[in-house]
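Student: This structure is in structure tokens; I'll ask about it shortly.
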């Protein structure tokens, strides 16, 4: 005798049925947990990679904390003997107080900065002064010395010949050493005495040659030195040499009108410096070496705060506090720029990630509804055997935990494994908790009505008042958040991610989506009214079922709509950032290629224009400042001079290009274009340049490719030469290329024509440089991923909708077939299920996707991605948008085909046997 299956057996038999919906739940939960755990950690890495990218090319002189002050510091030993460890013995009692002040200052740095900053280095040196021998050879240059004293002369230099300088006794020449190169350039042999010449070139008057000069002579301007040796650097590549004046070599100035002058540092003993420094114009140069590699591993915001503190506190070097220096470093600006770019990227990525995560949760709910509907018979049987609703919900919740929790743990674990940076435990905890979403969705999707066999498509659905109130609250909150965002504008660039920047777009998306869902039935109801007056069955049945038992319920419409919106948003932001980078590069270069360097005469410009691949070329000159007048006042403005017709042709198609056809070279009076700032200052009526009347034909904010300030005038060559009486000697040439020309090859050919020293800027390379930063790269990768993810979610949503409504659809089509419905009209009824959903998702999603970038531009600073300048305007990529629409249409068509095939294969006998009505 067989026994009927028990409760556990029935539960086990139906576990994970249908399998496709269970797999969707597992996959979406795993993916959501992975994104939640990995994204914050990846963003930490993006910020640090961006910092590394920004500071990689910063030279040591700009990277290190450095400062310089004019004056003589207080001399004396250090209070802490450890400060002078490793110093030359003669420097300990001279520069000890300086070293102590710098060490105390470093001790006051924040801990995050102390680990990156080495002990202070410093040197005292004098302004250059000329010293010559009594008999200067015919080929020898004049010699100019910058006397320098430091605590590390014996350790950073090695003696090449002669002897180290000793402390000055107070009389006689001061002993110095020069680098080998400097001594050779100055033709200064060891042991030779040189002194300060008189204006006519002779030795100063004063004590006789056999007398011994004293400090008083130095104060009187009669400096006498003797070379005791030559030295070379222990490490010529060390960064320290970049902080000091010319020391390892002698720089030679030769203007062709007089004997050349060779200038170099000459080291003196610190004790000698203590005596002669008051007689000289002395400087103190100090710096703290910054470990750039270690800086890349620190938290950029903490480091930025520490650096700002270090650069805002002056250091005193005398008892009165009058001799003070304030340190500075370009790393402050670099870190601020990197943090700004990373914060903007993080905010955009957060907006892009929240949408797909919300859609994923909605799809988990849809998949749960599919599971419940497919198991309705078994659940009804369990209920009939005495299982209360709460127990059934607990069973479903347990099944949801079995499906979701392992997937969430795996997803969170993988996210942690592939992202080495730490973002704290909170993202991991949230990622694991995502595993409970399937349990909640399965438990609360089961409602008492599902356990009955009542028809759901006989009457219009009853709307819940509580749901309506909740939706109204969401709309009001969204309006409040958007207004707050609009009033505040773009937030501070280094203040981290503003939650409002994420919450406002999310609430706006949900609010607009709810409004669209509310409007979704209106055109269907209108179509039903029209169908009732007609004779066709397709429109009547399709519209009626869509209103009474819609496959596109609120969850389905929201999921489809938000998925499409995120896809459109990603494509628009991608296009906006890419276009902004191009505009920034155009602003910097001003042409396809810009050459700068020597004076380009007309012959060279003509040769450049004749190079293969060149469409047009013209010289551009920064002219003189000329008096600009107008009805509102007068000012001095720099003149930008070019063949304006050719320059407009070169810049054609660029944003902010020189207007074409505005300036005519032969116009009388001369025609000019004023900058916006100059026009605001003097007006655009009654203008004069150098007291000659001119006509202002246009205004522009800047001329692409040149940095000349805000106040300028653009004039044609003919007008400039007539107004100023000066010539046209351009030092820049702007070049446009023919279609299909290789910029690198053309640039090489142009350089071969110029030959002299010059620089080359390529529009293509400048654009690539802006887009090469880790933050921009991460932004592009994630937005492309969000685009693909959103498209995939929209396809899954369509298929889940098809699965949820399969039972009702199959029943209706089978019954209608029994009543004589042909296949063509059956396809029409199935299409009625999905066409409204597709239209709503596409139209609403495109509208939402267009609104979101406006909020992003309103609230997130995109200028770090575009090289500065103005905030870029949203740009639409027709290719990506068209591809998105095509994918959604194909998914809807696939759902219709699946629905028709499912209805066609259904057994009419089974349908009639399982329906009582």
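Numbering (our numbering), first residue to last: 829 to 1745. A virtual CB, placed ideally from N, CA and C, is assigned to each residue, including glycine.
1. Is the distance from the Cβ of residue 950 to the Cβ of residue 1113 below 8 angstroms?
2. In the structure shown, what three-state DSSP assignment does residue 848 receive?
3. Using the DSSP secondary-structure output, state which residues sit across from residue 1499 in a beta bridge.
4. Can the beta-carbon of residue 825 be found closer than 8 angstroms to that of residue 903?
5. For residue 921, name the three-state secondary structure that DSSP assigns.
6. Using DSSP with H/G/I as helix, E/B as strand and the rest coil, what is residue 1617?
7. State the start and end residues of the unbroken alpha helix (DSSP H) segment that holds residue 992.
8. Whole alpha helix (DSSP H) runs in the stretch 1637-1701 with 4 or more residues, listed along the chain?
9. Tell me which residue opens and which closes the alpha helix (DSSP H) that residue 1065 is part of.
10. Give the secondary structure of residue 1548 by DSSP, where H, G and I count as helix, E and B as strand, and everything else as coil.
11. Among residues of its own chain, excluding the 5 on either side of residue 1522, which ones have a beta-carbon nearer than 6 angstroms to its beta-carbon?
12. Relative to the alpha-carbon of residue 1475, which residue among 1461, 1256 and 1421 has its alpha-carbon at the smallest distance?
13. Specify the secondary structure class of residue 1095 as computed by DSSP and reduced to three states.
14. Out of 1139, 1676 and 1596, point me to the one whose CA is closest to residue 1396's CA.
15. Check whether the Cβ atoms of residue 1187 and residue 1621 sit closer than 8 angstroms, and answer yes or no.
16. Using alpha carbons as the reference points, say which of 1087, 1107, 1111 and 1098 lies closest to residue 1752.
17. Under 8 angstroms, with one C-beta from each stretch per pair, do the stretch 1659-1671 and the stretch 1152-1159 reach the 3-pair mark?
18. Quick check on the burial criterion: 16 or more other C-beta atoms within 10 angstroms. Buried or exposed for residue 1081?
19. Helix or strand or just coil, what does DSSP make of residue 1101?
20. Would you call the CB atoms of residue 770 and residue 856 closer than 8 angstroms?
21. Should residue 970 be labelled buried (16 or more other beta-carbon atoms within 10 Å of its own) or exposed?
22. Cα separation between residue 1045 and residue 1009?
23. Sorted by chain position, which residues of the same chain lie with C-beta nearer than 8 angstroms to residue 1831's C-beta, five sequence neighbours on each side aside?
24. Taking DSSP as the reference, what is the three-state secondary structure of residue 1449?
25. Looking only at its chain, what residues have a beta carbon closer than 7 angstroms to the beta carbon of residue 1399, apart from the 5 residues adjacent to it on each side?
26. Below 8 angstroms on the Cβ atoms is my contact criterion, and I expect residue 1746 with residue 1488 to pass it. Report the Cβ-Cβ distance as a whole number of Å.
27. Between the alpha carbons of residue 1804 and residue 1477, how many angstroms are there, rounded?
28. Going by DSSP, what residue range makes up the alpha helix (DSSP H) through residue 1136?
29. Between residue 989 and the rest of its own chain, which residues show a CB-CB distance below 7 angstroms, the 5 nearest in sequence each way excluded?
30. Below 7 angstroms CB to CB, which residues in the same chain sit around residue 1029 once its five sequence neighbours on both sides are set aside?
31. Nearest by alpha-carbon distance to residue 966: which of 1565, 1315, 1014 and 932 is it?
32. Count the other C-beta atoms from every protein chain shown that fall within 10 angstroms of the C-beta of residue 1348, then say buried if there are 16 or more, exposed otherwise.
33. May I have the straight-line CA-CA distance separating residue 1182 from residue 1174, to the nearest angstrom?
34. Here's the rule: buried if 16 or more other CB atoms are within 10 angstroms of the residue's CB, otherwise exposed. What is residue 955?
35. Less than 8 angstroms between the C-beta atoms of residue 1437 and residue 1444, yes or no?
36. Using DSSP bridges, identify the partner residues of residue 1115.
Tutor: Quick look at the numbers:
1. Counting from one through the chain shown, the residue named residue 950 turns up at place 122. Counting from one through the chain shown, the residue named residue 1113 turns up at place 285. Against a cut-off of 8 angstroms, the Cβ pair of residue 1113 and residue 950 comes out as a contact.
2. On the chain shown, residue 848 is found 20 positions in, with the first residue counted as 1. Residue state, collapsed to three classes: helix.
3. Position 671 of the chain shown, counted from the first residue, corresponds to residue 1499. In the DSSP output, where bridge partners are listed per residue, residue 1499 has 1523.
4. Nothing in the structure corresponds to residue 825, since the chain is present only between 829 and 1745.
5. Locating residue 921 in the chain shown gives position 93, where the first residue counts as 1. The answer is helix: DSSP assigns residue 921 an H, G or I state.
6. What you label residue 1617 is simply residue 789 of the chain shown in a count that begins at 1. Three-state result, residue 1617: helix.
7. Mapped onto the chain shown, residue 992 falls at position 164. Residue 992 -> no alpha helix (DSSP H), and no H or E assigned at all.
8. 1651-1687
9. The residue given as residue 1065 occupies position 237 in the chain shown. Taken as a continuous stretch (DSSP letters only), residue 1065 belongs to no alpha helix (DSSP H), as it is neither H nor E.
10. Locating residue 1548 in the chain shown gives position 720, counting from the first residue. Here residue 1548 sits in helix by DSSP.
11. Along the chain shown, read from residue 1 onward, the residue named residue 1522 stands at position 694. Excluding sequence neighbours, residue 1522 sits near 1497, 1498, 1500 and 1515.
12. Within the chain shown, the letter at position 647 stands for residue 1475. Cα-wise, what sits closest to residue 1475 is 1421.
13. Sequence index remark: in the chain shown, residue 1095 carries index 267 (1-based). Looking at residue 1095 - three-state DSSP - the assignment turns out to be strand.
14. Here residue 1396 is taken as the residue at index 568 of the chain shown, counted from 1. Of 1139, 1676 and 1596, the residue nearest in Cα terms is 1676.
15. Here residue 1187 is taken as the residue at index 359 of the chain shown, counted from 1. Here residue 1621 is taken as the residue at index 793 of the chain shown, counted from 1. Yes.
16. This structure cannot speak to residue 1752, because the chain is shown only from 829 to 1745.
17. no
18. By 1-based counting over the chain shown, the position of residue 1081 is 253. Result: exposed.
19. As a first step, residue 1101 is located in the chain shown; it is residue number 273 there, counting from the start. The answer is helix: DSSP assigns residue 1101 an H, G or I state.
20. Given that the chain is displayed from residue 829 to residue 1745, the structure contains no residue 770 and the question cannot be resolved.
21. For the purposes of this step, residue 970 is identified with residue 142 of the chain shown, where counting begins at 1. When all chains shown are included, residue 970 counts as buried.
22. To locate residue 1045, count along the chain shown from 1; it is residue 217. To locate residue 1009, count along the chain shown from 1; it is residue 181. So the two alpha carbons sit approximately 29 angstroms from each other.
23. Because the chain in this structure spans residues 829 to 1745, residue 1831 falls outside the shown range and cannot be described.
24. In the chain shown, counting from the first residue as 1, residue 1449 sits at position 621. Three-state DSSP puts residue 1449 in a strand.
25. Within the chain shown, residue 1399 is the residue found at index 571, counting from 1. Correct list, in chain order: 1615, 1705, 1708, 1709 and 1712.
26. This structure cannot speak to residue 1746, because the chain is shown only from 829 to 1745.
27. With the chain covering 829 to 1745 only, the question about residue 1804 has no answer from this structure.
28. Taking the chain shown and counting its residues from 1, one reaches residue 1136 at position 308. First-last of the alpha helix (DSSP H) with residue 1136: 1128-1140.
29. As a position in the chain shown, residue 989 is number 161, starting the count at 1. Closer than 7 angstroms at the Cβ level, and outside the excluded window around residue 989, lie 1018, 1057 and 1058.
30. Against the chain shown, residue 1029 aligns to sequence position 201. Residue confidence for residue 1029 is low, a pLDDT of 42 falling below 50, so the modelled location carries little weight and cannot support an answer.
31. Along the chain shown, read from residue 1 onward, the residue named residue 966 stands at position 138. The shortest C-alpha separation from residue 966 is found at 1014.
32. Residue 1348 sits at position 520 when you count from the first residue of the chain shown. Residue 1348 should be labelled buried.
33. By 1-based counting over the chain shown, the position of residue 1182 is 354. By 1-based counting over the chain shown, the position of residue 1174 is 346. Taking the straight line joining both Cα atoms gives about 12 angstroms.
34. Within the chain shown, the letter at position 127 stands for residue 955. Exposed, since its Cβ has fewer than 16 Cβ neighbours within 10 Å.
35. In the chain shown, counting from the first residue as 1, residue 1437 sits at position 609. In the chain shown, counting from the first residue as 1, residue 1444 sits at position 616. Yes, they are a contact pair.
36. Counting from 1 along the chain shown, the entry for residue 1115 is found at position 287. According to DSSP, which records beta bridges pairwise, residue 1115 is partnered with 894 and 949.
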